[in-house]
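Heads up, the sequence shown is in the UniProt record's numbering, so the first residue is 1 and it goes up one at a time. C-beta atoms are modelled at their ideal positions from N, C-alpha and C, and glycine is treated no differently. Okay, structure first, notes after.
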Amino acid sequence: MEWRCYPQSHQHSVTVWCDPFSREEERIVKGYSAALRKAAPTGEGASVFDEVIDRRHSNSMKWSIAEKLLSADEAAAQPLPMWVADTDFKSPRPVIDALHEAVEHGVFGYPGGAPDSYVDAVVDWQAKRFGWEVPKAWVIQTSGIITTLKTAVQAFSAPGDTVLIQPPVYAHFHNDVLMNGRHLACAPLERTETGYRFNAATFEAAIRGNTKLFILSNPHNPTGNVWSEDELRTMGEICLRHGVLVISDEIHQDLIIHPAKKHIPFASLSEPFAQNSITCTAPSKTFNLPGLQSANVFVPNRRLREALLRQYDRNMFPLVNTLGMVAAEAAYTHGEPWLEDMLAYLRENHSHFASAVNGATSKVKVLPANSLYLAWMDCRGLGMDADALNTFMLTKARLWLDKGQKFGIEGHGYMRVNLGCPRSTVDEAARRLIAAVAGL
């Protein structure tokens, strides 16, 4: 699905199409890779992530349904799946043990909502990792962040209103807005020599009189931007000035890989920001639990919280998966050492992949990322349109990546690569890509 911002005449893009392979950029990228290698300790803690797990027969979206999503020729090439954002790592042992215990109980009746121990684990995680003290009354349990995005769009805007986003950005930010009869107001991130940056003038100029919501990707998917306090404050002040409610998707908050960066919850910056925001979090990306459908929303403003709950009640039966609650509580309570090991492993994966690809070809460039287990790759040097690029990756490079156009027109010529996998998979992906580009 290709989408465009509305109204088209009001796009304020100041995207800078730099020479993607300048000497200065090469210098910065090499320095970035070296910094990640220095920050990634080696040892037994990371070895569990080297295990290659066969997911082809596990009803995995990433690994099991190529014949449903790809053409016959594409599927026949047997491309290596590195697209949808889950990892190929086993969840932490305490999570698996907690699930075994729950399954052994053998009775799977209706849950009685979130137990106190669950809510304690959720709010303690925010305090421990980010220094954000979240009152328990703010917490709404939900099956997932996408569910919350759809519900919030319905609750806090009307058909015909506009919703502000920052492309290139996660596909559901635009698809879920459009399917609910709203329009897009786009403030594209500004392309620089080494990645992307926030432009305050572009952001404010994109707001229309009927812009009711801003969906913030914090940190940003797919670019990996980790927003600074100044950037978040600027966004927040502009939204307050124009009466725009902030929906902050912080599902990737735990996945900061640059050693000098830190995640800042948007609502933690000030009471006015807290009262004008809804924060979405989940353990799914962090601990590889998306199939268990468990997420948490923090809504400090009681009026907004009650309105969101009313819309949930209109749309669905609000109880969530019992096993999802069990897994989330165990992950937040006991999973931090595992997470630190995974972050070290991911830093090395990013460095490994970027160094291999950027060192072998000038036609494709892996951009520096400060967060996520996802790499954003500039393929414009291949001179292909979006469809030809996707076909090339699937049938020649034999890599199943996320198409850049999924993230908006600003993503044309780019691909998103999932590096949440064993190092051997990263090596094989780099080998296939380098060989395919060399064969052009």
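Which listed residue (the options) has its alpha carbon closest to that of residue i
| i | options | result |
| --- | --- | --- |
| GLY439 | GLY420, THR395, VAL417, ARG55 | THR395 |
| PRO337 | VAL52, VAL95, ILE65 | VAL95 |
| VAL437 | LEU304, HIS258, TYR373, ALA356 | ALA356 |
| GLU329 | PHE130, ALA98, SER60 | ALA98 |
| GLY413 | PHE392, ARG423, PRO422 | PHE392 |
| GLU237 | GLU271, THR286, HIS220 | GLU271 |
| ASP402 | MET82, TRP63, GLY106 | MET82 |
| VAL364 | ARG432, ARG197, LEU292, LEU80 | ARG432 |
| LEU289 | ASP86, LEU80, ALA76 | ASP86 |
| ALA158 | HIS174, THR194, ARG182 | ARG182 |
| ASP88 | ALA66, ARG56, ALA72 | ARG56 |
| HIS100 | ASN221, GLU51, ALA327, LYS262 | ALA327 |
| SER351 | ARG423, ALA307, TYR312 | ARG423 |
| SER117 | GLY160, HIS334, ARG347 | HIS334 |
Alpha-carbon to alpha-carbon, residue j and residue i
| i | j | result |
| --- | --- | --- |
| ASP120 | GLY109 | 23 Å |
| LYS150 | ARG398 | 34 Å |
| VAL84 | PRO318 | 26 Å |
| GLY435 | SER143 | It is worth fixing the name first, because residue 435 is Ala in this sequence and not Gly. Approximately 42 Å, taken between the alpha carbons. |
| GLN141 | LEU382 | 45 Å |
| CYS421 | ARG303 | 42 Å |
| VAL235 | PHE203 | The sequence as given places Met at residue 235; Val does not occur at that position. Each residue's alpha carbon lies about 8 Å from the other. |
| TRP125 | GLN253 | 11 Å |
| TRP132 | VAL122 | 11 Å |
| ASN210 | CYS239 | 13 Å |
| ARG314 | VAL320 | 16 Å |
| ARG23 | ARG93 | Only weak support is given to the placement of ARG23: the predicted model assigns it a pLDDT of 49, under 50, and the question is left unresolved by the model. |
| LEU69 | ARG129 | 38 Å |
| ILE257 | TRP400 | 24 Å |
| PRO259 | PRO115 | 35 Å |
| LEU255 | MET342 | 9 Å |
| ALA354 | GLU250 | 25 Å |
| ARG305 | ALA205 | 29 Å |
| TYR170 | THR148 | 15 Å |
| HIS242 | SER47 | 50 Å |
| LYS62 | ALA127 | 33 Å |
Within-7 Å CB hit, residue i to chain C
| i | result |
| --- | --- |
| PRO265 | No chain C appears in the structure shown, which is made up of a single protein chain. |
Contact check, residue i vs residue j, beta carbons under 7 Å
| i | j | result |
| --- | --- | --- |
| ASN301 | THR281 | no |
| PRO168 | PHE407 | yes |
| VAL177 | VAL153 | yes |
| GLN166 | ALA185 | no |
| VAL366 | MET377 | yes |
| PHE287 | SER60 | no |
| THR322 | PRO111 | yes |
| VAL246 | LEU216 | yes |
| PHE266 | SER248 | yes |
| CYS379 | LEU372 | no |
| ARG310 | LEU374 | no |
| GLU190 | ASN199 | yes |
| ILE264 | GLU231 | no |
| residue 447 | THR223 | In the structure displayed, the chain extends from 1 to 440; residue 447 sits before or after that span and is not available. |
| THR194 | PRO79 | no |
| ILE146 | HIS172 | yes |
| GLU67 | ALA75 | yes |
| TYR345 | PHE49 | yes |
Whole-number beta carbon distance between residue j and residue i, since they are thought to touch under 8 Å
| i | j | result |
| --- | --- | --- |
| PHE273 | LYS212 | Going by Cβ atoms, the distance from PHE273 to LYS212 rounds to 17 Å, so no, they are not a contact pair. |
| ASN225 | ASN418 | Not a contact, Cβ separation roughly 18 Å. |
| GLY324 | SER294 | 3 Å |
| residue 448 | ASN358 | Absent from the structure is residue 448, since the part of the chain shown begins at 1 and ends at 440. |
| PHE214 | LEU269 | The Cβ separation is near 15 Å, so there is no contact. |
Element boundaries [alpha helix (DSSP H), containing residue i]
| i | result |
| --- | --- |
| TYR312 | 302-315 |
| residue 445 | Any question about residue 445 goes unanswered here, given that the chain covers just 1 to 440. |
| ALA386 | 386-391 |
| TYR118 | 116-130 |
| ASP176 | 171-179 |
| PHE156 | 145-156 |
Residue i: first and last residue of the uninterrupted beta strand (DSSP E) it sits in
| i | result |
| --- | --- |
| TRP376 | 374-378 |
| ALA354 | Premise fails: ALA354 lies in the alpha helix (DSSP H), 336-360, not in any beta strand (DSSP E). |
| THR142 | 139-142 |
| ALA185 | 183-186 |
| ILE165 | 162-165 |
| ALA200 | From DSSP, ALA200 is part of no beta strand (DSSP E) but of the alpha helix (DSSP H) over 200-205. |
| LEU245 | 245-249 |
Residue i CB to nearest heavy atom of the ligand MG below 6 Å
| i | result |
| --- | --- |
| VAL119 | As far as ligands go, the structure on display features none, and thus does not contain the ligand MG. |
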